[in-house]
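Student: Let me begin by handing over the structure; questions about it come next.
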Ligand SMILES: [Zn+2]
Ligand SMILES: [Zn+2]
C-alpha cells in the first residue's frame, strides 16, 4: 500500500522484532553514553536500524506515545530538532535522552512536562 518515501521519519511499529530490539539497545547505549563519540555512534546505529536518514543533529527519539500510559501508541522515530517536538519528560540523572513526542502527536495531543 504505502510507497516507501524519503520522509524524515521512521515507524518503530513497522520494524522487525530483531530491528526493534537492536534499535532499543542502540538508544539505551546512547542514553548512557555521555556526550562523546560513543553517543554519536549509538545514535548513528539507531538511525540505520530504523531506516532513518541520519539527521544533522544526530539526535533521534521514538515518540513517547509508544510507552506512555495513555499515549496513542505512535511509534514514530524522528529528528529531535524538528519543529513541533514536545518534551514530555526530561532526562534522568546521568542519562542523555529526554522523553519526546513527535511533531504530529505534539500537535494533536501534547503532554508537556508542565505538570
Ligand atoms: Zn507520535
Ligand atoms: Zn501520540
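In our numbering, the protein residues as written are 208 to 322.
Even for Gly, the Cβ is constructed at its ideal location relative to N, Cα and C.
When DSSP labels each residue in this structure, what does residue 256 get in the three-state scheme?
Tutor: For the purposes of this step, residue 256 is taken as the residue at position 49 of the chain shown. The answer is helix: DSSP assigns residue 256 an H, G or I state.
Student: Whose C-alpha, out of 265, 264 and 279, is nearest the C-alpha of residue 271?
Tutor: What you label residue 271 is simply residue 64 of the chain shown in a count that begins at 1. When only C-alpha atoms are compared, the closest one is 279.
Student: Reducing DSSP to helix, strand and coil, say where residue 296 ends up.
Tutor: Within the chain shown, the letter at position 89 stands for residue 296. Strand.
Student: Write down the C-beta distance between residue 295 and residue 275 rounded to the nearest angstrom, noting that I regard them as a contact closer than 8 angstroms.
Tutor: Position 88 of the chain shown, counted from the start, is the residue given in the question as residue 295. Position 68 of the chain shown, counted from the start, is the residue given in the question as residue 275. About 7 angstroms separates the two Cβ atoms, so the contact holds.
Student: Do residue 287 and residue 266 have their C-beta atoms within less than 8 angstroms of each other?
Tutor: Working through the chain shown from its first residue, we reach residue 287 at position 80. Working through the chain shown from its first residue, we reach residue 266 at position 59. Yes.
Student: Assuming residue 258 and residue 217 form a contact by the criterion Cβ under 8 angstroms, report the distance between their Cβ atoms to the nearest whole angstrom.
Tutor: Taking the first residue of the chain shown as 1, we reach residue 258 at position 51. Taking the first residue of the chain shown as 1, we reach residue 217 at position 10. Indeed they touch by this definition, with Cβ atoms about 5 angstroms apart.
Student: Please go through the same chain and pick out, in chain order, the residues whose beta-carbon is closer than 8 angstroms to the beta-carbon of residue 247, but skip the five residues on each side of it.
Tutor: Locating residue 247 in the chain shown gives position 40, counting from the first residue. Closer than 8 angstroms at the Cβ level, and outside the excluded window around residue 247, lie 265.
Student: What first and last residue would you give for the alpha helix (DSSP H) that runs through residue 236?
Tutor: The sequence position of residue 236 within the chain shown is 29, counting from 1. Looking at the DSSP string, the run of the alpha helix (DSSP H) that includes residue 236 is 224-239.
Student: Which stretch, first to last residue, makes up the alpha helix (DSSP H) that contains residue 315?
Tutor: Locating residue 315 in the chain shown gives position 108, counting from the first residue. Counting along the chain, the alpha helix (DSSP H) containing residue 315 begins and ends at 310-315.
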